[in-house]
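Numbering (my numbering), first residue to last: -3 to 136.
Scroll down for the structure; my scribbles are underneath it.
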């Protein structure tokens, strides 16, 4: 497993736990626990923190973007795994310019397939693909 992929996995699991527990605990503390548990992130642990803390800090804006691009799904009705994978994907697409958009989308889809339900990958691909197309239209 590539280091960045493992880092995204740890960040997603940290965000899931944080969200599931009502966002009471500090996301960095949760991420630190997950890094210790998986201890494979190594020098990429800073990427875990960047992702998890970035999503937490921009949560309101990210959720608005998800709602706009998945209008049939109120944020609370999106399954928790899918919701947090989407948050991670949106964060990478909009806030982390060093990650190519297609990589961010592919990684999110793979996380959805691995940890979500049967249709999670398609749902995540649809939402992030719509956002990516919208971004391309805005740049033209």
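Glycine included, each C-beta is placed from N, C-alpha and C at the ideal position.
Where does residue i fall in DSSP's three states?
i           : result
residue 22  : coil
residue 95  : coil
residue 85  : helix
residue 69  : coil
residue 112 : coil
residue 76  : helix
residue 17  : coil
residue 121 : helix
residue 54  : coil
residue 126 : helix
Quick one: is residue i buried, meaning 16 or more other Cβ sit within 10 Å of its Cβ, or exposed?
i           : result
residue 19  : exposed
residue 78  : buried
residue 115 : exposed
residue 117 : buried
residue 73  : exposed
residue 99  : exposed
residue 136 : Its pLDDT being 39, under 50, residue 136 is placed unreliably by the model, and nothing is read from it.
residue 113 : exposed
residue 126 : exposed
residue 66  : buried
residue 14  : buried
Mind checking whether the beta-carbon of residue i lies closer than 7 Å to any heavy atom of the ligand GDP?
i           : result
residue 122 : In terms of ligand content, the structure shown is empty, and the ligand GDP therefore cannot be addressed.
Distance cutoff 8 Å, beta carbons only. Does residue i sit that close to anything in chain C?
i          : result
residue 25 : The chain labelled as chain C is not found in the depicted structure, where only one protein chain is given.
Q.
Across the stretch 44 to 58 and the stretch 17 to 33, are there enough close Cβ pairs to call them in contact, namely three or more that are closer than 8 Å?
A. yes
Q: Tell me, please, whether the stretch 58 to 68 touches the stretch 7 to 18 by the rule of three or more beta-carbon pairs shorter than 8 Å.
A: no
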